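Chemist:
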Amino acid sequence: MTIRLRQSGFAYIAAVILLIVVAIVCAALLRLSSTSQATINQNLLGARASLAARAGVEWGFYQLRNGGACFGEQTLADFAADSGFVVTVSCTRTSFNEGESSPGVAIAKAIYSIDAVSCNAATCPSGDAATVSQPDYVERRRIASICIAASNTGC
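According to full-length UniProt numbering, the sequence shown is numbered sequentially starting from 1.
(1) Give me, in chain order, the residues of the same chain whose beta-carbon lies closer than 6 Å to that of L45; leave out the 5 immediate sequence neighbours on both sides.
(2) Are there 16 or more other CB atoms within 10 angstroms of the CB of V89, so buried, or fewer, so exposed?
(3) Can you tell me where the alpha helix (DSSP H) holding N43 begins and where it ends?
(4) For A130 and R140, what's the separation of their Cα atoms in angstroms?
(5) Distance, Cα to Cα, A53 vs V87?
(6) Identify the residues that DSSP records as bridge partners of N120: which are they?
(7) For S145, which residues from the same chain have a beta carbon less than 8 Å from its beta carbon, with the 5 sequence-adjacent residues on both sides left out?
(8) Exposed or buried, what is F79 when buried is set at 16 or more other beta-carbons lying within 10 Å of its beta-carbon?
(9) Just to confirm before moving on: does the CB-CB distance between V117 and C124 stay below 8 Å?
(10) Which residues does DSSP list as the beta-bridge partners of A74?
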């Protein structure tokens with residue numbers, strides 16, 4: 001009489017390996033999801049900062065149109081209250097003469113450059129290394145120029 005032993009246990013090994021593979025796939029998907037969420041957050045903050053900088057440029061052009069002179073550098077506190085972004089706008093003026101009019105008088109022109117920087121820090125642009133290294137820190141800059149002639153000769 002011979003006694004045969006049945007082999008068993010192979011299904012348990014396969015089930016354990018399958019569970020390990022499923023756990024690794026779930027961990028990879030979780031990490032991918034958190035990375036995707038951080039990327040979307042950065043894109044949203046970047047778009048909002050860009051729009052705040054654009055609004056700063058438009059504010060600067062409005063000031064030029066109504067006042068006619070450069071205003072130096074100003075921080076717009078209303079933007080911070082409304083959007084969470086501090087906007088610093090500066091204006092520089094460069095004057096020059098270009099050509100002559102028909103009676104021989106030099107044509108005076110001025111180029112105004114509006115520089116707007118927006119960021120989600122207390123001061124903008126932020127020079128603090130601890131603030132800049134934060135994962136949710138965003139800063140955008142927009143620069144625009146306009147040429148204004150002293151007479152109606154155009155630029």
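Where a beta carbon is used, it is the ideal one built from N, C-alpha and C, also for glycine. In this text the structure is predicted, and so the values were computed from the model without any measurement.
Modeler: Short version:
(1) The count along the sequence shown starts at 1 and reaches residue 45 at position 45. Excluding residues up to 5 positions away in sequence, V138 lie with their Cβ nearer than 6 Å to the Cβ of L45 in the same chain.
(2) One-based indexing of the sequence shown puts residue 89 at position 89. Residue environment analysis places V89 among the buried positions, since at least 16 neighbouring C-beta atoms fall within 10 angstroms of its C-beta.
(3) In the sequence shown, counting from the first residue as 1, residue 43 sits at position 43. Boundaries of the alpha helix (DSSP H) around N43: 10-67.
(4) By one-based count along the sequence shown, residue 130 stands at place 130. By one-based count along the sequence shown, residue 140 stands at place 140. As the crow flies, the alpha-carbon of A130 is around 18 Å from that of R140.
(5) Indexing the sequence shown from 1 puts residue 53 at position 53. Indexing the sequence shown from 1 puts residue 87 at position 87. Distance between the alpha carbons of A53 and V87 is about 7 Å.
(6) Locating residue 120 in the sequence shown gives position 120, where the first residue counts as 1. Paired residue(s): none; N120 is not in a bridge.
(7) By one-based count along the sequence shown, residue 145 stands at place 145. Counting only residues of its own chain and dropping the five nearest sequence neighbours on each side, S145 has a CB closer than 8 Å to the CB of I111, Y112, S113, I114.
(8) Your numbering for residue 79 matches position 79 in the sequence shown. Classification for F79: buried.
(9) For the purposes of this step, residue 117 is taken as the residue at position 117 of the sequence shown. For the purposes of this step, residue 124 is taken as the residue at position 124 of the sequence shown. In this structure, C124 lies closer than 8 Å to V117 by Cβ.
(10) Taking the first residue of the sequence shown as 1, we reach residue 74 at position 74. According to the sequence as given, residue 74 is Gln; it is not Ala. Per DSSP, V89.
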